[in-house]
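Peer 1: Reminder that position 18 of the sequence shown reads as 93 in the working numbering, one-by-one numbering, no gaps. Don't be surprised by glycine CBs; every beta carbon is placed ideally from N, CA and C.
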Amino acid sequence: MKFFFTGGFSSGDGDTESWEATRQRLREMIGTEDKSNPLSDEEIVATLKAKGVDVARRTVTKYRKLMKIPSSRQRRQY
């Protein structure tokens with residue numbers, strides 16, 4: 076039954092953003108980041124909050140791991 080309902084996060088305008096939309100934003104942010112100075116999970120949370128998506132750092136970490144994206148230290152290219 077849970078399959079038929081989507082969850083999500085509240086956005087700044089009172090709407091709800093789905094989990095999949097949040098993961099897509101995360102993919103885009105990490106894909107376009109500066110590889111010599113990648114975004115930390117805290118910086119990603121701050122950017123999402125500025126865009127009106129209220130999400131916790133632990134949630135960003137969980138989604139990043141589910142998508143098999145390494146941490147900012149491991150993504151850094153010198």
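Between Val128, Asn112, Ile105, which lies nearest to Gln152 when the distance is taken from Cα to Cα?
Peer 2: Counting from one through the sequence shown, the residue named residue 152 turns up at place 77. The residue with the shortest Cα to Cα distance from Gln152 is Asn112.
Peer 1: Determine whether the beta carbon atoms of Lys97 and Val120 lie at a separation below 9 Å.
Peer 2: As a working mapping, residue 97 is identified with position 22 in the sequence shown. As a working mapping, residue 120 is identified with position 45 in the sequence shown. The sequence as given places Thr at residue 97; Lys does not occur at that position. Not closer than 9 Å, so no.
Peer 1: Return yes when the Cβ of Ser147 is within less than 9 Å of the Cβ of Leu114, no when it is not.
Peer 2: The residue given as residue 114 occupies position 39 in the sequence shown. The residue given as residue 147 occupies position 72 in the sequence shown. A contact, by the Cβ cut-off of 9 Å.
Peer 1: Cβ atoms of Arg102 and Met142: under 9 Å apart, would you say?
Peer 2: Sequence index remark: in the sequence shown, residue 142 carries index 67 (1-based). Sequence index remark: in the sequence shown, residue 102 carries index 27 (1-based). Closer than 9 Å, so yes.
Peer 1: DSSP on Glu108, reduced to helix/strand/coil?
Peer 2: Numbered from 1 along the sequence shown, position 33 holds the residue referred to as residue 108. Reduced to three states, the DSSP call for Glu108 is coil.
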